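In the working numbering, the protein residues as written are 440 to 613. Note that the Cβ used here is the ideal one computed from N, Cα and C, for glycine as well. Owing to the predicted nature of the structure, the values given are computational and were not obtained by experimental measurement. Data first, discussion second: the structure below is written as structure tokens.
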Amino acid sequence: MTELTPLRTKNLDTLYGTATLEWERVEAAIAAVTAGPGRTWFLGTVRADGRPHAAGIGHIWHRGAVFFTTGPGAQKTRNLLADPRCTLTAGLTEWDFVFEGRAVRESDPGVLATITAKYREIGWPAEAQGDVVAAPYSAPSAGPGPWQLYRMTVYTVTATAMTEPQGVTKWWFR
Numbered sequence: 440m441t442e443l444t445p446l447r448t449k450n451l452d453t454l455y456g457t458a459t460l461e462w463e464r465v466e467a468a469i470a471a472v473t474a475g476p477g478r479t480w481f482l483g484t485v486r487a488d489g490r491p492h493a494a495g496i497g498h499i500w501h502r503g504a505v506f507f508t509t510g511p512g513a514q515k516t517r518n519l520l521a522d523p524r525c526t527l528t529a530g531l532t533e534w535d536f537v538f539e540g541r542a543v544r545e546s547d548p549g550v551l552a553t554i555t556a557k558y559r560e561i562g563w564p565a566e567a568q569g570d571v572v573a574a575p576y577s578a579p580s581a582g583p584g585p586w587q588l589y590r591m592t593v594y595t596v597t598a599t600a601m602t603e604p605q606g607v608t609k610w611w612f613r
């Protein structure tokens with residue numbers, strides 16, 4: 440399912456004695472979450488002056504990386520161009536996820552075609568047009584297209600399972 444293999448794993452539950460979560464279970468849960476209402480993931484970046492910035496994104500999980508679109512003039516784009524380090528968080532009914540990593544623009548035509556096909560599968564009529572993503576609409580806060588595709592290389596994932604078997608575990612991949 441992925442190209443991610445944990446280099447280190449740590450059970451963060453020091454209070455209740457839950458078992459270490461299995462990466463395969465967590466990654467399956469990550470892969471099962473599609474972007475959409477009630478399932479927003481939030482990208483955290485840092486502005487040039489050091490202030491934090493958070494923005495909701497419509498994500499795609501593919502081969503161990505998170506993909507998302509952003510406009511060339513968006514605050515998150517400007518922040519990532521200056522410092523590609525970022526976080527991504529999702530609070531869902533059964534899981535909480537925190538990703539740490541680095542996001543850079545993806546312009547490979549094959550990757551753009553693959554990711555836009557995945558967006559279409561979940562209901563957003565996106566198309567690759569050269570090195571950008573085009574669609575007749577996007578989130579109201581996204582601004583007009585076309586949009587650039589970004590790939591977040593994942594360095595760590597922390598997952599909290601809210602249903603049995605519960606637990607909280609962190610994995611390092613770099």
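It is roughly 13 angstroms from the alpha-carbon of H498 to the alpha-carbon of T553. The Cβ atoms of V572 and A542 lie no closer than 9 angstroms to each other.
Nearest to D488 by C-alpha distance, out of Q514, L531, T473 and P604, is Q514.
Look at the beta carbons and you see the region 597 to 605 not touching the region 514 to 527: under three pairs across the two are nearer than 8 angstroms. Collapsing the DSSP output to three states places E560 in a helix. Per the DSSP secondary-structure output, P491 pairs in a beta bridge with V485. Per DSSP, the unbroken alpha helix (DSSP H) holding Q514 starts and ends at Q514 to A521. With 16 or more other CB atoms across the displayed protein chains lying within 10 angstroms of its CB, Y558 is buried. The beta carbon of Y455 is closer than 7 angstroms to none in its chain, skipping five residues each way along the sequence.
The continuous stretches of alpha helix (DSSP H) do not include E545, which lies in the beta strand (DSSP E) extending over residues W534 to E545. DSSP lists A504 as the bridge partner or partners of H501. When DSSP states are grouped into helix, strand and coil, R478 belongs to the coil group.
As computed with DSSP, Q605 is found in no beta bridge at all.
Counting C-beta atoms within 10 angstroms of its own C-beta, Y576 has fewer than 16 neighbours from the protein chains shown and is therefore classed as exposed.
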